[in-house]
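Chains C and L are the protein sequences, given in the same order. So the first sequence is residues 1 to 466, counted in full-length UniProt numbering. So the second sequence is residues 1 to 233, counted in full-length UniProt numbering. Working notes for the structure below.
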Amino acid sequence: MPRTEARADLLRAGPFRLALGFAAALSVGMLLIFGFIYWQTSEAETRRMRRDLVQEAALAAQTRDDILLYQLQVRIMTDYHRVTVAAWFDADGKLRYGNLDHLPPDLPVDDNGHRLTVQTTGADQPQPAILAAARRPDGGVVVLGRAMDELLALQRVVARTLIAGLLPAVALVLASGILGGARARRRVQTVEQTIGRIMGGDLRERLPVSGSRDGVDQLSARVNQMLDRIVHLLDEIRAVGDNIAHDLRTPLSVMRAKLERGLASSDAEALRRGAEAALADLDKAFGMITALLRIAELEDSRRQSGFTTVDLVEVAAEVFDLYEPLAEVKEVSLTREDTGPLFVVGDRDLLIEAVANLVDNAVKFTPDGGRIVIRTLMRDGAPAVQVADTGPGIPPDERAAVVRRLYRLDKSRHIQGNGLGLSLVQAIAGLHGFELDIGGDEGGAVVTMVCGPRHEPAQAAYANGI
Amino acid sequence: MPTLDPIAHIHLVEDEPEMAGEIITSLEAQGYAVSHSAAAAAALDFLRAERGVAVVVADRLLPGGMDGLEMVEVLRDEGIATPILVLSALGSVDDRVRGLNAGGDDYLTKPFAVTELVARIEALRRRPPDTRATTLRVGSLEMDLLSRTVRRGEREVPLLPREFKLLEYMMRRPDQVITPAMLLTDVWHYRFVPQTNVVDVHMGKLRHKIDEVGDLPMIHRVRGAGFMLRAAD
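Dropping the structure here:
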């Protein structure tokens, strides 16, 4: 990466920007504090001095000569720092007593404080001072003042302190910002490069996690989890793709054989029969594709807006009504067992479709003379609908697999069907947040859809907003 | 399965040339006169000028910014009441498409059997006016919609509620091929097609009740398509 671009990146990096902000805030804060101190020391102090001097001068102007003289003497003699200005002039301007040679020409005698530069007799150079002059009844003038040396020195100290404190602080903040920014930039770069590799097709790659548990780390961990899930889904899709290819290949090759045989035959009737049989196979293949798309549609669907209150007993009755004649023809007894209305929130049509698929399966797999029961019941505190049959049952180790798309038990391969019934039921249950429980034994399968909240870790985590 | 009436004019709106060719050939073989346009705009122009069209068959997905459903809306807004059968692509039967069924039009998902297409076209052509008659009659078969009783000649036919609804649907559409899919959507109001042939079994039971031993059959199986109710004489 070129240097200029790196610098631009650094400026964009979050920590550096934060540091800049901190530095600015710190500078403003310190300027405010020192500004206040400066203002306090210079302005307020000057004003106080000025006020005092004006008062004292006015007072001195009214004081008796001998006392005034004494007071001025005390003032000058106790002034070890040589900051006091005190002088008493005659009406004609001659110095009676004090440390000024003459009345400063630009000092108006107006009972007000003024800022002038004067040189006292003891000093080797003029210095800024605040002076107040007051006229005595005899026409004389009393000048009182105070040099501002001290004040100016204090102001200089304050300014120096400000600079001495502010500069290192700002430098420190900026330095840490640069360091932090560079570090964050390095981590972002690593993440970026990793994502680039992942997007390039290497889905096994994972983002680095430093273990510091900071924001970037947590984000990386979540992205890694997401990648795990994507890989899992992709594997599943790949498996489904293989299964589809395999399961479509079967009816297609049968169809091909039938057509070929029909064409090879000189008998027009044989050709017609072959074409008809091939058409039936084609419909089977289409049926499979339709069912797959339907499952995909259900799994994609997050839409639960069409949900209403549905009575499971009514759902069971609908399906019973639909399948009763078929069971009769197959000489299978189909019965219902209900205790009373069981209301759940869901899509009525989809629930009927789910239960119909369960009964469809049961009718297919139950041998003549067998029994099928559609039951509505309470299970684990939730309403449930159950279909039990006296068919061959589903072995426990294959129960997780049967809800997968296109999974068919080997021993059921000869029975008509596309192997999508239970995965469709699972998809409908999943859309509702219902649990599908496959049980039973060699004496028959018992499939229960528990229409209550499903406790799945991923969903629980989702609900907690992680 | 030849159509009974004088040649009915079907207008097909389908952009896929091969698919259009197949449908046209099949429909012409059934005795229909078929015209064709490849986009909704052309179809609208044609239908505005030509009012003798019996049924419009339109693909849902059409090029040129207007799909089949929008075309239906435009036609209805313009007061053209020709029944429309929308062909929707596999797996995309949404509520909008389903709404057609309620609005007097119909939909069919691809892929479909030609027999199904013809049955739907015939159903649209002869869609019965919603009469207020309380009695339906087909030959010697009589259905009283108020007392919910059915007689064939002198004999009363005891029917379960579902069988009654099935028969009512068929009696409103005599001499017409009714497919299992039509029964599932219109009588059962299901959006899905069960894997096993449950409808056939229901119809078998109904047929046993209507056509007893010795009667001339009224409910006929139409090979590869569905069922038909016809007067026995």
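Beta carbons are placed, not taken as given, at the ideal position from N, Cα and C, and that holds for glycine. Computed from a prediction, not measured in an experiment: that's the story for all the values here.
In its own chain, which residues sit with a C-beta less than 8 Å from the C-beta of Val36(L), not counting the 5 before and 5 after it? First, the amino acid is wrong: residue 36(L) is His here, not Val. These residues qualify, in order along the chain: His11, Leu12, Val13, Glu14, Ala20 and Ile24.
How is Pro392(C) classed by DSSP in three states: helix, strand or coil? coil
May I ask you to list the residues that DSSP assigns as paired with Phe89(C)? Leu95(C) and Val141(C)
State the start and end residues of the unbroken beta strand (DSSP E) segment that holds Ala8(L). Per DSSP, Ala8(L) belongs to no beta strand (DSSP E) and is neither H nor E.
Local conformation of Gln125(C) per DSSP, three classes: coil
C-beta neighbour in chain L for Phe320(C), strict 7 Å: no
For the segment 306 to 317 of chain C against the segment 345 to 365 of chain C, are there 3 or more C-beta pairs whose distance is under 8 Å? yes
Taking only the alpha-carbon atoms, compute the straight-line gap between Asp211(L) and Lys205(L) and give it to the nearest angstrom. 10 Å
With a threshold of 7 Å between beta carbons, is residue 475(C) in contact with chain L? Limits of chain C in this structure are 1 at one end and 466 at the other, which puts residue 475(C) out of reach.
Can you tell me which residues form a DSSP beta bridge with Ala382(C)? Arg379(C)
I believe Arg261(C) touches Gly274(C) by the beta-carbon criterion, under 8 Å. Please report the beta-carbon distance rounded to the nearest angstrom. 6 Å
Rounding to the nearest angstrom, what Cα-Cα distance links Met449(C) and Asp389(C) in this structure? 15 Å
Delimiting residues of the beta strand (DSSP E) encompassing Tyr107(L): Asp106 to Thr109
Can you name the residues of chain C whose CB is closer than 9 Å to the CB of Pro180(L)? The contacting residues do not exist; Pro180(L) stays about 12 Å from chain C at best.
Using a Cβ cut-off of 7 Å (strictly closer), state whether Val201(L) contacts chain C. yes
The ligand NAP heavy atom lying under 6 Å from the CB of Val114(L): For the structure depicted, the ligand NAP is absent and the ligand set is empty, with no information on it obtainable.
Taking C-alpha atoms, which residue in Leu44(L), Leu85(L), Gly64(L) and Ser88(L) lies nearest to Gly79(L)? Leu44(L)
By the 10 Å Cβ neighbour count, where 16 or more other Cβ atoms means buried, how is His208(L) classified, buried or exposed? exposed
Element boundaries [beta strand (DSSP E), containing Met228(L)]: Gly226 to Leu229
Pick out whichever of Asp92(C), Val402(C) and Gln119(C) has its Cα sitting closest to the Cα of Arg82(C). Gln119(C)
Based on the DSSP output, what are the partners of Ser253(C) in its beta bridges? Bridge partners of Ser253(C): none, in fact.
Based on the DSSP output, what are the partners of Ile219(L) in its beta bridges? Leu229(L)
Determine the DSSP secondary structure at Ser266(C), reduced to helix, strand or coil. coil
In three-state terms, what does DSSP make of Ala44(C)? helix
Rounded separation between Val109(C) and Val143(C) - CA only: 9 Å
Between Glu331(C), Thr376(C) and Gly287(C), which lies nearest to residue 467(C) when the distance is taken from Cα to Cα? There is simply no residue 467(C) to check, as chain C begins at 1 and stops at 466 in what is shown.
Taking 7 Å as the CB-CB cut-off, is Leu148(L) touching chain C? Note that residue 148(L) corresponds to Arg in the displayed sequence, not to Leu. No - not a single Cβ of chain C is within 7 Å of the one on Arg148(L).
In the segment 350 to 372 of chain C, which residues sit with their C-beta less than 8 Å from some C-beta in chain L, listed in chain order? Ile352, Glu353, Ala356, Asn357, Asp360, Val363 and Lys364
Residue-chain proximity (Pro325(C), chain L), Cβ-Cβ < 7 Å: yes
Put Ile141(L) into one of helix, strand or coil per three-state DSSP. Per the sequence presented here, residue 141(L) reads as Leu, with Ile not at that position. Strand.
Contacts of Arg162(L) in chain C (Cβ-Cβ under 7 Å): Asp321
Can you give the beta carbon distance from Val199(L) to Pro180(L), rounded, assuming they're within the 8 Å contact cut? 4 Å
Say whether chain L places a C-beta atom closer than 7 Å to the C-beta of residue 510(C). Nothing can be reported for residue 510(C), as the shown portion of chain C is limited to 1 through 466.
Does any residue of chain L bring its CB to less than 7 Å from the CB of Phe434(C)? no
Complete runs of the alpha helix (DSSP H) confined to the segment 310 to 343 of chain C [at least 4 residues]: 312 to 329
Beta carbon proximity, Phe286(C) to chain L, threshold 7 Å: yes
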